[in-house]
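For the sequence shown, UniProt numbering assigns the number 1 to the initial residue and increments by one for each residue that follows.
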Amino acid sequence: MTYHLRRAQVSSFNNFSGAMGEIQVTPGQFGVLTLIASNKGMSQSAVARSLGVERSTMVAVIDGLENRGLVIRKPSPTDRRSNALVLSDEGQQVYERGLELAKESDKITTSGLSEEESVQLITLLRKLNSAAGV
């Protein structure tokens, strides 16, 4: 089973990574954009915790996104020691296009499945993630 899960993961990741090339965003960066879009004002530390990465790693990722004009750091209204992260207008556009590309990538990944099988796959993956505590 592990072998087949890994092969499916590699195929899915390659499809997704290729799709994100259009907007010049890595899959990891898209994950960060997604968290910020869904949680306006989230701190860098909270993003790092949510993704399970070191805070120092997250600083570099946010720096890169900020340098591209996709993310804006604002003073946190609740904690003077941290920044609240929001997407810029361009960041929102890139994120929205990324969502479209992700859906297209998913269609490619699941092209060998019927609609019913695709729904069943998601259901089973959620069960696996839940059982693993993810």
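Virtual Cβ for every residue (Gly too), placed ideally from N, Cα, C.
Exposed unless 16 or more other CB atoms sit within 10 angstroms - verdict on residue i
i	result
residue 42	buried
residue 58	buried
residue 9	exposed
residue 131	exposed
residue 101	buried
residue 15	buried
residue 113	exposed
residue 65	buried
residue 1	exposed
residue 125	exposed
residue 5	exposed
residue 69	exposed
residue 52	exposed
residue 21	exposed
Terminal residues of the alpha helix (DSSP H) in which residue i lies
i	result
residue 15	2 to 20
residue 123	115 to 131
residue 68	From DSSP, residue 68 is part of no alpha helix (DSSP H); its letter is neither H nor E.
residue 109	89 to 109
residue 36	27 to 38
Strand pairing of residue i, partner residues [DSSP]
i	result
residue 43	84
residue 75	83
8 Å contact criterion, which residue i and residue j should meet: CB distance rounded
i	j	result
residue 23	residue 73	In fact, because the Cβ distance is near 21 Å, the residues do not count as touching under 8 Å.
residue 40	residue 86	5 Å
residue 17	residue 27	6 Å
residue 71	residue 88	7 Å
contact_flag[the segment 76 to 84, the segment 114 to 123] where n(CB pairs < 8 Å) is 3 or more: No: the two stretches stay apart, fewer than three of their Cβ pairs being nearer than 8 Å.
contact_flag[the segment 19 to 39, the segment 89 to 105] where n(CB pairs < 8 Å) is 3 or more: Note that the segment 19 to 39 touches the segment 89 to 105; at least 3 beta-carbon pairs, one per stretch, sit closer than 8 Å.
Given 8 Å, three or more beta-carbon pairs between the segment 60 to 71 and the segment 107 to 115: The way I'd put it, the segment 60 to 71 doesn't touch the segment 107 to 115; fewer than three beta-carbon pairs between them come closer than 8 Å.
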